[in-house]
Structure formats: C-alpha cells, structure tokens
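Structure first, commentary second.
Residue numbers (our numbering), protein chains in the order written: chain A, 1 to 228; chain B, 1 to 103.
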C-alpha cells in the first residue's frame, strides 16, 4: 500500500514531463495578453481565476477584437466544458471525500493532470487515497502555469515565434494517448474524435472541442452494443 | 466590464470542473455510461491533437507535406515504443525543427 505522500509525489513526477509544453504555452499566453493591450493584472487574473490554457487566449482575443462579454464568457464555457467528462471519470475515486474537499480538488482538475491521474488510477485501483495523485499533479500544473504566465507578462514573448512551440501542445496530448494505440477499440474512438474535430473546426464558439468528444463517445456506445 | 467577464468565465470554468465531482451522485450514472467513460481520453485528446497538427493558424487544412505532420509521425512512433512522455514530445519537436530549419 502506497503512502499518501508517495502517491502525491507520483502525481508530481507524472506531470513534470508535460512542463515541456505547459511552460512555453504559459509564457505565450502571458505575452499575448500584454500584446493585446490588457493590463498585466487582468492578464494574470485569467490564469488565477479561469486557469484554463487555450480558453484564456481565446477569451482575451475575443474581448480585444470587440466581442461582447457574453460571447467571451460563452466561448470559455464551451471550450472548458470538457472538464465535465474528466469529472465524471474521476468522481468514482473522489466520492468518499468530504464535500469541501471535493470542492477544493475540483479547482485543480486540468487536462494533463487528468490524463496522468487517470492512467495511474487504472493501474493502482486497489490503493487508498488515490486523490492525492490528482492533487499532486494538479498543484504542480497550477504552480508552473502561474509562474510561466507571469514570466510571459513580465518578459514578453522572449521565445522566438519561428520555433513554432505551439506544436508542443498536440505533442503533449499525443504522448498521453499513444499507448492506447495498442487497443483497436480505442483507435476507433480516437479516429472518430480526430476526424470530427477537423470537420467541425470552424463551428461557432470553438465548439468542436466538446462536440467531437461527445460524438466519439456516442460512437463508442454504438461500438460496444455491436461488439456484444 | 473585463473584471466581470473574467470572474464569470472563472465561475463557468470552475462549475465545469466541480459539477461532476461534487454535485452529481455516481449512482445516477448507468452502467452503460460508466463503460463509455473508459473512452474519455480517447474521445477528448484527439480533438486537440488533430487540429494542432492538420490545421494552420488561419483555420485551414495544411498541405500533406507540412512539417507538423512529419513531426507528429515521428512522435507517434517514438511514443509507441518508448512509452515515455519526454521522448515523445522532444522527438516530435526536434524532427519538426530539423525540417523547418535544415530542409
């Protein structure tokens, strides 16, 4: 049986490799906010209050482009609604926690943290205190995100644009799912999600981010019915 | 007005994280739903990966010879065999840089 601090530490070390993409992305996010002409305090507030990578950039771009608050808020809501799916998966392992603890841990549920915790939990599902992995990963990602966006706000975009570091984002998620390419059913679901996202890419409010997963999960549902 | 937008966006985002964890009772989800939830990573992440590789900054499909496609293929192969996150990301980035700077 692993101790709480061991599981917490595993959470930290499991998300650390993702800093290769999180840190440059955070710097770019902070720098874009300043370039768009926002007050540094406001740019940082998006990291602290929204705490959601791509949604922060789109939020600031929309507002600076003259979109209404309603459009900006709706876009953030649509982009971040995928967390509902992460929550649905993790809730099984968090349901024994007190209501207050569940409210606190929710703030730290982010993409890479969910991905790594989900892997860890599947392999160690007989352990107790698995939520310490979610916390260890989530707090680490939170910390690096805050520091890197602050760096971008202060130093500007000191990463040369020619490097194309935005490409690190798809790579970080590729690293998360690549192991599931050993399973045909997962490959099928991934292909549905990927192709649908390309078809729906220009749909309003960046809704492809949530519509593609929903359609892929529906395809998974149909697939499971046919296999049996 | 911007503070209002940031705080509202923060509330909406927090609700998306918190609803399923703190408000919804798992008993309410049927067995079939729970089974489908196994596919959440496979359903969510390709919707971030595919546009990141196949769509350019102005929202159009890239050429079949785009360096990002080769970078992604290298990362895919390295990731599949190494099962290592750092190796996957670095191999993709390095091969991408090799193509855009040297070829």
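Just so it is clear, CB atoms sit at the ideal spot from N, CA and C, and this is done for glycine as well.
Considering only the beta carbon of each residue, do residue 109/A and residue 17/B sit closer than 8 Å?
-> Here the question's residue 109/A lines up with position 109 in the first chain. Here the question's residue 17/B lines up with position 17 in the second chain. Yes, they are a contact pair.
Go through its chain and collect everything with a Cβ distance to residue 74/B's Cβ below 7 Å, but skip five positions before and after it.
-> As a working note, residue 74/B is residue 74 in the second chain. Correct list, in chain order: 91, 92 and 95.
Neighbour flag for residue 35/B against chain A, beta carbons, 8 Å | In the second chain, the residue the question calls residue 35/B occupies position 35. For residue 35/B, a Cβ of chain A is located within less than 8 Å of the residue's own Cβ.
Terminal residues of the continuous alpha helix (DSSP H) containing residue 12/A?
-> To locate residue 12/A, count along the first chain from 1; it is residue 12. Residue 12/A -> alpha helix (DSSP H) spans 4-15.
Three-way DSSP call (helix, strand, coil) for residue 1/A in this model = Walking along the first chain from the start, residue 1/A turns up at place 1. DSSP places residue 1/A in coil when its eight states are reduced to three.
Measure from the C-beta of residue 30/B to each C-beta in chain A and report whether the shortest distance is under 8 Å.
-> For this step, residue 30/B is matched to residue 30 along the second chain. For residue 30/B, not one C-beta of chain A is nearer than 8 Å to its own C-beta.
Report yes if the CB atom of residue 47/A is closer than 8 Å to the CB atom of residue 149/A, and no otherwise.
-> Residue mapping note: residue 47/A aligns to position 47 of the first chain, counting from 1. Residue mapping note: residue 149/A aligns to position 149 of the first chain, counting from 1. Cβ atoms of residue 47/A and residue 149/A: closer than 8 Å.
Is the segment 203-216 of chain A in contact with the segment 73-88 of chain A, if contact means three or more CB pairs nearer than 8 Å?
-> Yes, the segment 203-216 of chain A touches the segment 73-88 of chain A.
Can you find a C-beta in chain B that's less than 8 Å from the C-beta of residue 109/A?
-> By 1-based counting over the first chain, the position of residue 109/A is 109. Interface annotation, residue 109/A: in contact with chain B, CB-CB separation under 8 Å.
C-alpha distance - residue 32/A paired with residue 157/A, whole-angstrom precision = The residue given as residue 32/A occupies position 32 in the first chain. The residue given as residue 157/A occupies position 157 in the first chain. Separation of residue 32/A and residue 157/A (C-alpha to C-alpha, rounded to the nearest whole angstrom) is 8 Å.
Of all the options 228/A, 221/A, 226/A and 125/A, which has the alpha carbon lying nearest to the alpha carbon of residue 34/B?
-> Residue numbering aside, residue 34/B sits at position 34 when the second chain is read from its first letter. Nearest to residue 34/B by alpha-carbon distance, out of 228/A, 221/A, 226/A and 125/A, is 221/A.
Grab the span of the alpha helix (DSSP H) containing residue 84/A for me, first residue to last.
-> By one-based count along the first chain, residue 84/A stands at place 84. Here the alpha helix (DSSP H) through residue 84/A covers 83-94.
Would you verify that the beta carbon of residue 95/A is, or is not, closer than 8 Å to some beta carbon of chain B?
-> Counting from one through the first chain, the residue named residue 95/A turns up at place 95. Interface with chain B (8 Å Cβ-Cβ cutoff): residue 95/A is included.
Would you kindly work out how many angstroms separate the C-alpha atoms of residue 38/B and residue 7/A, rounded to a whole number?
-> In the second chain, counting from the first residue as 1, residue 38/B sits at position 38. In the first chain, counting from the first residue as 1, residue 7/A sits at position 7. Looking at the two C-alpha atoms, the distance is approximately 22 Å.
Locate the alpha helix (DSSP H) running through residue 112/A, then write down its first and last residues.
-> For the purposes of this step, residue 112/A is taken as residue 112 along the first chain, with counting starting at 1. Per DSSP, residue 112/A belongs to the alpha helix (DSSP H) from 111-123.
If we count Cβ pairs, one from each stretch, closer than 8 Å, do we get three or more for the segment 127-145 of chain A versus the segment 41-56 of chain B?
-> Between the segment 127-145 of chain A and the segment 41-56 of chain B, the count of Cβ pairs shorter than 8 Å is below three; the stretches do not touch.
When the Cβ atoms of the segment 52-67 of chain B are set against those of the segment 155-170 of chain A, are three or more pairs found closer than 8 Å?
-> Yes, the segment 52-67 of chain B is in contact with the segment 155-170 of chain A.
Out of curiosity, what's the CA-to-CA distance linking residue 99/B and residue 94/A?
-> Taking the first residue of the second chain as 1, we reach residue 99/B at position 99. Taking the first residue of the first chain as 1, we reach residue 94/A at position 94. A straight line joining the alpha-carbon of residue 99/B with that of residue 94/A spans about 45 Å.
Who are the near neighbours of residue 32/B in its chain, counting only those whose CB is closer than 6 Å to its CB and skipping five residues on each side?
-> Your numbering for residue 32/B matches position 32 in the second chain. Here the set comprises nothing.
Select from 101/B, 7/B, 22/B and 86/B the residue whose C-alpha is nearest the C-alpha of residue 50/A.
-> The residue given as residue 50/A occupies position 50 in the first chain. Of 101/B, 7/B, 22/B and 86/B, the residue nearest in Cα terms is 7/B.
Is there a Cβ from chain B that is less than 8 Å from the Cβ of residue 190/A?
-> Within the first chain, residue 190/A is the residue found at index 190, counting from 1. Answer yes: the Cβ-Cβ gap between residue 190/A and chain B drops below 8 Å somewhere.
Anything in chain B within Cβ reach of residue 186/A, meaning under 8 Å, just list it in chain order.
-> Against the first chain, residue 186/A aligns to sequence position 186. Under the 8 Å cutoff, chain B gives 39 and 42.
Closer than 9 Å by beta-carbon distance: list the chain A residues that pair up with residue 65/B, in chain order.
-> Position 65 of the second chain, counted from the first residue, corresponds to residue 65/B. Contact note: residue 65/B does not reach chain A at a C-beta cutoff of 9 Å; the least C-beta distance is about 16 Å.
Taking only runs of the alpha helix (DSSP H) that begin and end inside the segment 129-191 of chain A, which ones reach a length of at least 4 residues, in chain order?
-> The qualifying runs are 131-155 and 168-177.
Relative to the C-alpha of residue 100/A, which residue among 22/B, 13/B and 2/B is closest?
-> Taking the first chain and counting its residues from 1, one reaches residue 100/A at position 100. Closest option to residue 100/A, Cα to Cα, is 22/B.
For residue 199/A, three-class secondary structure by DSSP = Against the first chain, residue 199/A aligns to sequence position 199. Annotated three-state conformation of residue 199/A is helix, per DSSP.
Regarding residue 48/A and the ligand GDP, is the C-beta to nearest heavy atom distance less than 7 Å?
-> Ligands displayed in this structure: none; no statement on the ligand GDP is therefore possible.
Curious, which full-length beta strand (DSSP E) runs of at least 3 residues does the segment 28-81 of chain B contain?
-> Correct list: empty.
Residue 35/A versus chain B: which residues are under 8 Å apart at the beta carbon?
-> Residue mapping note: residue 35/A aligns to position 35 of the first chain, counting from 1. In chain order: nothing, as chain B lies at least about 15 Å away.
With 8 Å as the limit, tell me which residues of the segment 46-66 of chain B have their beta carbon closer than that to any beta carbon of chain A; keep them in chain order.
-> Cβ contacts with chain A: 46, 47, 48, 49, 50, 51, 52, 53, 54, 55, 59 and 61.
Could you tell me which of 36/B, 11/B and 48/B sits nearest to residue 201/A, measuring between CA atoms?
-> As a first step, residue 201/A is located in the first chain; it is residue number 201 there, counting from the start. Selection 36/B, 11/B and 48/B evaluated against residue 201/A yields 48/B as nearest (Cα-Cα).
Cα-Cα separation, residue 61/B to residue 215/A | On the second chain, position 61 is the one that residue 61/B refers to. On the first chain, position 215 is the one that residue 215/A refers to. Rounded to whole angstroms, residue 61/B to residue 215/A spans 21 Å at the Cα level.
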